[in-house]
Structures are given as C-alpha cells and as structure tokens.
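Peer 1: Start counting the sequence shown at 16; every next residue gets the next number (my numbering).
Backbone N, C-alpha and C define an ideal beta-carbon position, used for all residues, glycine too.
Treat the numbers as computed from the prediction; the structure is a model and nothing was measured.
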Amino acid sequence: MELTSEQIMLLMMHKWLLGSNAMVTGERINLIWGEDTVAKSTVYGWFKKFDECEESLEDQPRSGRPKEVGRQLCLKQFEENHSLTTHSFLQQQEMGI
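#1: Measure the beta-carbon distance from H97 to M38 and round it to whole angstroms, keeping in mind my assumption that it falls under 8 Å.
#2: Rounded to whole angstroms, what is the Cα-Cα separation between G60 and E50?
#3: Decide if K30 is buried, meaning its Cβ has at least 16 other Cβ atoms within 10 Å, or exposed.
#4: Are there 16 or more other CB atoms within 10 angstroms of the CB of L32, so buried, or fewer, so exposed?
#5: For the alpha helix (DSSP H) holding E42, just list the boundary residues, first then last.
#6: M28 to W48, Cα distance in whole Å?
#7: Determine the direct distance from the alpha carbon of L26 to that of E94, and round the result to whole angstroms.
#8: For G41, is the classification buried or exposed, using 16 other Cβ atoms within 10 angstroms of its Cβ as the cut-off for buried?
#9: Quick one: grab the DSSP three-state call for H29.
Shown next, in the form of structure tokens:
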C-alpha cells in the first residue's frame with residue numbers, strides 16, 4: 016500500500032504533536048511503510064514548517080492589540096489547506112482574512 020502525500024503529512028504532524036523529532040519520524044515512517052516512503056529533507060521541511068508556525072505566531076512583536084493565535088488554529092489551517100505556506104498563513108493572520 017502506498018501512502019498519499021496527505022497521509023504522510025498527517026503522520027509527520029502526529030509525530031510532531033507527540034514531541035518526536037524529524038530524524039526519528041522519518042526513520043520510523045520508512046521502516047514501517049517502505050524505505051523510500053519519505054525523504055529526510057521532506058520530514059525536516061515539514062517539521063520546520065510546523066515549528067515556524069508556532070514560533071512566528073507567538074514570538075514576533077506586532078503593533079496594535081496583540082493577537083491570540085494558538086497552536087490549534089495554526090494546525091487547523093495547515094490541515095484544511097495542504098498547499099498553505101507559512102508565509103501565506105502569516106499574511107492571512109496579519110490581514111485578518
């Protein structure tokens with residue numbers, strides 16, 4: 016059985032939410048689903064995207080009233096739109112779209 020890119024992304028997100036690191040996540044996915052299921056660079060890229068979302072939303076100072084955007088909103092946005100980039104997500108939050 017071959018996994019879709021969405022299924023692989025959800026596996027990575029699940030492991031990230033549980034606190035796993037990118038290296039272990041990639042190794043386990045490839046061990047269970049086949050050696051070439053996911054590239055290391057893909058896993059590291061997604062983990063970076065997940066991490067940046069949280070850090071960017073919480074650590075960047077902004078003018079005006081501070082926004083309360085939590086991890087759950089960030090993850091929900093990425094789950095609903097798999098092509099969403101961190102940059103476009105942050106633009107939407109800044110513009111209040």
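Peer 2: Based on what the coordinates show:
#1: About 23 Å separates the two Cβ atoms, so there is no contact after all.
#2: Spanning the two alpha carbons is a distance of roughly 18 Å.
#3: Here K30 is buried, its C-beta having at least 16 other C-beta atoms within 10 Å.
#4: By the 10 Å Cβ count, L32 comes out exposed.
#5: Secondary structure note for E42: its alpha helix (DSSP H) is the uninterrupted segment 37-48.
#6: Rounded to whole angstroms, M28 to W48 spans 16 Å at the Cα level.
#7: Each residue's alpha carbon lies about 12 Å from the other.
#8: Classification of G41: buried, given that the 10 Å Cβ count is 16 or more.
#9: If DSSP states are grouped into helix, strand and coil, H29 belongs with the helices.
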